[in-house]
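Shown next, in structure tokens, is the structure this report addresses.
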Amino acid sequence: MRKYVIMGVQGSGKGTQSQMLAADLDLVHIGVGDIFRWNVQNHTKLGAQVRRTMAAGELVGDDLVESVVRDRLTQHDWNFGFIIDGFPRNRPQAEFFLESYDIDGVIVLDLPDSEVRRRVLNRRLCADCGMDYHLIDSSPKVTGRCDSCGGDLVTREDDTEEALAVRLLGLSREDGPGDRAFPSQGVRVHRGRAAGTRCGPGADQEVSRAGPDDR
Ligand SMILES: [Zn+2]
-19 MRKYVIMGVQ GSGKGTQSQM LAADLDLVHI GVGDIFRWNV QNHTKLGAQV
31 RRTMAAGELV GDDLVESVVR DRLTQHDWNF GFIIDGFPRN RPQAEFFLES
81 YDIDGVIVLD LPDSEVRRRV LNRRLCADCG MDYHLIDSSP KVTGRCDSCG
131 GDLVTREDDT EEALAVRLLG LSREDGPGDR AFPSQGVRVH RGRAAGTRCG
181 PGADQEVSRA GPDDR
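Residue numbering for the sequence shown follows my numbering, starting at -19 and increasing by one per position.
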């Protein structure tokens, strides 16, 4: 059983890295942002609450995030472990998490603010099927249209310059590079640069070493 946390500002490629690790190690990828987005798209009560918060460029409150994570993890569909992305975001959440789960490692993706900005502000999402696009790195064939379903490409509500500024500020204030959010309780921290498609030299290796097979 391996349990990892992946951290880094939105736009640093956490989702992509998590999915690759999940595939390699047979883990369940839990993207907290995805859970919230699903709720927004499906107009649930939780979704409405999240939409209001994000429209104001603020972060969803700790209580709400914690209860969503708790609910998700009680499904126990993660036989070989999980990699969680988007949680914890700050010290109180990290403490809650460490009390409840035995985390094997924290993976931190570093990325300069300028690159985060370039990635996030060019990100688009198909309003119908949810496929991700990037106007520079993976642009659609027809401007503004989804390649697979022809749906409208939209900007996520939290991908505006203003919301991004709030996030970058909140991140440096609250959990900085990520690992400082974790009290030193023997949690291993693996740093990697988020530049390419992999975490960086040695990152995978370290991750596999971190999972001391098997409790
Ligand atoms: Zn689509």
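Beta carbons are placed, not taken as given, at the ideal position from N, Cα and C, and that holds for glycine.
| Item | Value |
| --- | --- |
| Any beta strand (DSSP E) of 3 or more consecutive residues that is wholly inside the region 87 to 153 | 103 to 106, 112 to 114 |
| Residue span of the beta strand (DSSP E) that contains Ser(-18), given as start and end | The amino acid at residue -18 is misidentified as Ser; the sequence shows Arg. First-last of the beta strand (DSSP E) with Arg(-18): -18 to -13. |
| Element boundaries [beta strand (DSSP E), containing Ile10] | 8 to 11 |
| Met(-13) versus Glu141 - alpha carbon distance | 21 Å |
| Straight-line Cα distance separating Ser128 from Asp155 | For Asp155, the predicted structure reports a pLDDT of 44, less than 50, and the residue's modelled location is therefore unreliable. The matter cannot be settled from this model. |
| Beta-carbon proximity check, Cys135 vs Leu89, cutoff 9 Å | In the sequence under discussion, the amino acid at residue 135 is Thr, which differs from the Cys named in the question. Cβ atoms of Thr135 and Leu89: not closer than 9 Å. |
| Cβ pair count under 8 Å reaching 3, the region 19 to 37 against the region 55 to 75 | no |
| Spatial distance of His23 from Leu39 (CA atoms) | 19 Å |
| Continuous alpha helix (DSSP H) stretch holding Phe77: start and end | 71 to 80 |
| Any non-hydrogen atom of ligand 1 within 8 Å of Asp139 CB | no |
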